[in-house]
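Everything below concerns the one structure shown next.
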Amino acid sequence: MATSKQDSGPFDLTIRNGRIGNADGTRFADIGVRDGVIVAIEQGLPAGKEDVDATGLWLLPGGIDSHTHIEQLSGMGVMCADDFYSGTVAAAFGGTTTILSFCAQHRQDRIPDVLADYAQRAKEKAVIDYGFHLILANPDEQALVHDLPRIIKDGITSLKVYMTYDKLKLDDYQLLDVLAVAGEQSAMVMLHAENHDMIRWIAKRLLERGHAAPKYHTIAHDALAESEATNRAIALSRLVDVPVLIVHVAGEETVDIIRKAQQLGAKVFAESCPQYLFLEASDADKLGMEGAKFCCSPPPGDKASQEAVWAGFKDGTLSVYSSDHAPYRFDASGKLPKGDATTFKEMANGVPGIELRLPLLFSEGVMKGRLSIEEFVALTATNHARMYGLAPRKGAIAVGADADVALWDPACKVVVDAAMLHDRVGYTPYEGRELQGWPVRVYSRGRCVVKDKELQVERGSGQFIARTRPEPMIDRKPSAGRGLFSGLVGLKNPFSGK
Ligand code: URP
Ligand code: ZN
Ligand code: ZN
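In this text, residue positions in the sequence shown follow the UniProt record's numbering: the first is 1, and each later residue adds one.
Right under this line is the structure:
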C-alpha cells in the first residue's frame, strides 16, 4: 500500500504524525496528497506545501452520509429547512465529506426534470461532494423502460421507494417492477418499510378519540408496521432475487427479521441512524408540542430496540449508519403547520442529524468501548462507499483515493447546543448531550473545508460524484434456489426487450 511519489515534486498537503483508522486496521503513518488524491502513505514523509501536524489525532476517512434530505419537498409537500449550502456545511462540520441526497419525484413529475433541478441547485451551493438517489413515486412504463436505465448510466445508481405515505406509496406489484429493473440495471433499491394500512387504521382511531398530540405518532407507527413491511420487502426481493437495502431500521423485531433473512442467504442489507441509538419513544412524550421535535418514521422504540440496533451494527446485520437528516423547523414551515393545533398526522416527519451523526457515534460508540475504530469507519464511510458505488474513490484512506480526511481529537469535549450547529433547523433532539471526540479539521479532495471552527471553502465548491455499480450488484448470479425465471426461458423480458 505504501507508495512514494516524492519524485513528482512536493506534496500539496502532508498530514503527519497522526494515527490512520481504516475499516481494515489502524497504523501510524503520514499522508501525502497531490491534486486532491492521496499519493503516499508512509512514515516520515517530507513537508507538503500545506503541512499539518496531527499528533494525538485520529485520521479517519471523511464520513459518507448516504441518507440525507436536503432542499427537498417531502411526500407531505413540506420543504426542508436546509438547502445544499447549509446542509453540506453542517455535514462538513460534523466530519462528513460526501452526502447522498434525494431527488424526489412526485407522481406528476418527469424524472429528467426532477434530476436536472436538484443537480442545478446542488452545483451552485454544495461545499462537499455529493451524489443523488432518486425517490421514485411513479414507476410507470416511461420510468421503468426509459428513465431508470438512463439515470443509472449517468451515475445515480440507487433509488428509494416507499411502502407508506399516500403520495409516495408503491404497492407490492410496483415494488416487484422496480426491483426487477434495478436488478437488470445494477442499481440498489432502498426501501422505506412500514405497513401503510396498519398506520392509517390506528391513526384514524386515535384522532377520532381526540388523541392528536405528537406522542401518538409513535403509537400509530406500531413496531409491527415496520417489521411486517420489512418481512414483505425481503420476500419481494427474494422472489426476484434482487438485493434490497432497508433504510432507517428502528425496531428489535425488524433487526431480528433482517438477521434471519441474511442467515438464509437473502441479499438484504440495512441501515440505521442516530435516532434509533440515542432517542426513545418516550422523548416524544413531552409537554405541549415539544414532542414533535423527536418524531420521525419509523419512530424510535424502547431501550430494547436501542440495544438491538447496537447489536445489529456490531454483528453486521446493519451495515450503514446514516443520519436520515430531515430538517424541519419547529414552526409553521415544518413541524407545526397549524401551530399548537397540529395533529401528529400533519407535522413533518423526520429529525435533523447531519452534523451530530458522527460525533454521537464516536463518543457513545468508540469512546465508550462499544465499537472499535475500524467498526466506526466501516459504518460511517467504507460500507456506504461499497453499498452505493463510491468505492474505491471514497470511504478509505488509501493511495489512489480522494483525500477526504477528518482529523478527530479524542480529547475534545463538547456539550451539544443547537446554536453551535450549522443547519437551519433551530433545535436539535440531542440538546445538552455531553460528547467526547470531535472532528477538529476536515479535508475534502485535499481542500481544507473546516479548520479552527471556520468554514474554509466557497459555496459550489463540492462536486457531483457519478457513482458506479453498488458492490452487491457486481457479479450477481441468479439464485440457484428459487429458479423463478427458469420457466420463462425463451420469453422476452418485457422491460429490456432481450
Ligand atoms: O421520518 C422520516 N424518516 N422522515 C424522512 C423521510 C424518510 O422517510 O426518510
Ligand atoms: Zn424513509
Ligand atoms: Zn429519509
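Where is the CB? At the ideal position from N, CA and C, for every residue including glycine.
- Beta-carbon to beta-carbon, MET188 and SER227 are separated by about 22 angstroms, too far to satisfy the 8 angstroms threshold.
- In this structure, CYS80 sits near HIS69, with a CB-CB distance shorter than 7 angstroms.
- By the neighbour-count criterion, in which a residue is buried when 16 or more other Cβ atoms sit within 10 angstroms of its Cβ, GLU253 is buried.
- In the structure shown, MET188 falls within a strand segment according to DSSP collapsed to helix, strand and coil.
- Bounds of the alpha helix (DSSP H) holding ILE202 are 196-208.
- Counting only residues whose CB is nearer than 6 angstroms to a non-hydrogen atom of ligand 1, the list in chain order is HIS69, HIS192, HIS248, CYS296, SER297, ASP324, ALA326, ASN349 and GLY350.
- Residue pairing by DSSP places VAL145 in no beta bridge whatsoever.
- A distance below 7 angstroms separates the beta carbons of ARG469 and SER186.
- Cβ neighbours of ALA223 within its own chain (closer than 7 angstroms, five residues either side excluded): GLY251, GLU253 and GLY301.
- For GLN43 and HIS192, the gap between their C-alpha atoms comes out near 45 angstroms.
- If you check the CB distance, ALA47 and THR88 do not come in under 7 angstroms.
- Of ARG232, MET387, TYR85 and LEU236, the smallest CA-CA separation from GLU194 is found for ARG232.
- Secondary structure remark: continuous alpha helix (DSSP H) runs of at least 4 residues inside the region 322-373, in chain order: 357-361.
- Here DSSP, grouped into helix, strand and coil, assigns GLY63 to strand.
- GLY63 is a Cβ neighbour of LEU358, given a cutoff of 7 angstroms.
- Exposed is the label assigned to VAL415, since fewer than 16 other Cβ atoms lie within 10 Å of its Cβ.
- Annotation for LYS314: no beta strand (DSSP E) segment contains it, though the alpha helix (DSSP H) segment containing it runs 303-315.
- When secondary structure is reduced to three states using DSSP, GLN120 falls in the helix class.
- Judged by their CB atoms, GLY389 and ARG467 are nearer to each other than the 7 angstroms cut-off.
- For PRO274, the enclosing alpha helix (DSSP H) starts and ends at 274-278.
- Distance from the CA atom of TYR430 to the CA atom of ALA281, rounded to whole angstroms, is 14 angstroms.
- Assignment of PRO410 by DSSP, reduced to helix, strand and coil, places it in the strand class.
- Look at the region 67-123 and you find these whole runs of alpha helix (DSSP H), each 4 residues long or longer: 84-93.
- One thing to note: ALA292 has its Cβ no nearer than 7 angstroms to the Cβ of VAL78.
- Leaving aside the five residues that flank ARG259 on each side, the residues in its chain whose CB is nearer than 8 angstroms to its CB run, in chain order, GLY312, ASP315 and THR317.
- Our two residues, LYS413 and PHE362, have alpha carbons roughly 12 angstroms apart in a direct line.
- Taking a C-beta distance under 7 angstroms as the contact criterion, VAL425 and PRO337 do not qualify as a contact pair.
- Residue pairing by DSSP puts PRO439 in a beta bridge opposite TRP408.
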